Every structure is written in C-alpha cells, then in structure tokens.
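Here is the structure we will look at.
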Ligand code: ADP
Ligand code: MG
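In the working numbering, the protein residues as written are 1 to 163.
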C-alpha cells in the first residue's frame, strides 16, 4: 500500500507552515518531489521547509538557475527541472553527489525525473482548488520503506490541514 494524505491550505503562509511541518521529519539523503502547475505553490512550500531546516537565506525560485544550495541542517538543495529535457542534464547538475553528500533535495517538477529518484522519496502534488481561490489541494505520497516507517508521524504533524 502506498501511503497518501489529502490536505488543503487556504493561504501561502499556511503552505509554508505545512512545509515546515514536513521538514521536521526529513533526514540527510531525503528527496522531496513537488508537482503542480506554475503558481501552484511548489516554491512556497519549499520556503517553509527550508525555514524548518534552519535555512536563513531567502529561498528564491530556481527556475532559471536550475539549482540553488543553502546551508541549513545539512545542505538543502532546491532544483527546478522543468527546463531540462534529458536525465543527463540533471546528472550534470551533480544530482547524485547531492544525495551521496547527505543533502536534503527538493525538486520542482520532480515527476519528470522519476527514473533518477532513490527508492524512498516523498511526493507533494499541489493544485488549485478552483481558478479564483487561494485554496490549494496538496496530496502527499510516500514512496519506499523510509516513508512507510515515518508515515504515522507525518500524518500527526500535518493533521490540521487534512481535508
Ligand atoms: P510554483 O513554484 O508552483 O510555480 P509559487 O510557490 O512560486 O508556485 O507561487 C505560488 C503563488 O500563489 C504565490 O504567489 C503565493 O503567494 C500564492 N498563493 C496563494 N495561496 C496560496 C496557497 N494556499 N499556497 C501556496 N501559495 C499560494
Ligand atoms: Mg516554483
């Protein structure tokens, strides 16, 4: 069984708070893959998670730089692979070295590079509830044993956002 949680947030700050709650469970080598259309809130969630990981610098979208790196509780990497059309381009960014070095890696549009992801990773799927509203629907899915083991704790931490 693949563990899943269906959540929703009403504001950008709530999405940051959710990111912060998720961050409490992250350990070196973890990968979080974020999906959702432009403006869905992927970067916003990473901002909260980075705060939870002790990153003090402002977290900006890596859309043009492809990867940004922040010192925190370990090294936090933030990738946007939207513009990369080959898996090799992601490897060229040093993706495997980031994991080997015990970084915590957030990947916007991570579904495009599923083949490169480790056995265990967390998927965060964001979508707009409707065109007008600030509400975001956010589904978390745990892949692999590491997330199965942490799921009950994660569920407890994010329970206020359950739909
Ligand atoms: P993405 O990285 O998915 O393209 P961003 O996080 O850069 O998206 O942008 C999301 C935008 O939507 C921001 O301007 C943010 O303030 C706004 N927003 C409004 N409501 C929410 C919400 N509930 N969660 C996240 N962002 C929200
Ligand atoms: Mg973004």
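Every residue, glycine too, gets a C-beta built ideally from N, C-alpha and C. In this text the structure is predicted, and so the values were computed from the model without any measurement.
query                                                                                                                                : result
What did DSSP end up calling residue 124 once you bin it into helix, strand or coil?                                                 : strand
Pick helix, strand or coil for residue 119, following the three-state DSSP scheme.                                                   : coil
Is it the case that the CB of residue 111 approaches a heavy atom of ligand 2 more closely than 7 Å?                                 : no
Do you know how far the Cα of residue 37 is from the Cα of residue 130?                                                              : 13 Å
In chain order, what residues place their C-beta within less than 7 Å of a heavy atom belonging to ligand 2?                         : 42, 43, 61, 63, 80 and 108
How close, in whole Å, do the beta carbons of residue 33 and residue 117 come, if the pair is a contact with beta carbons under 8 Å? : 6 Å
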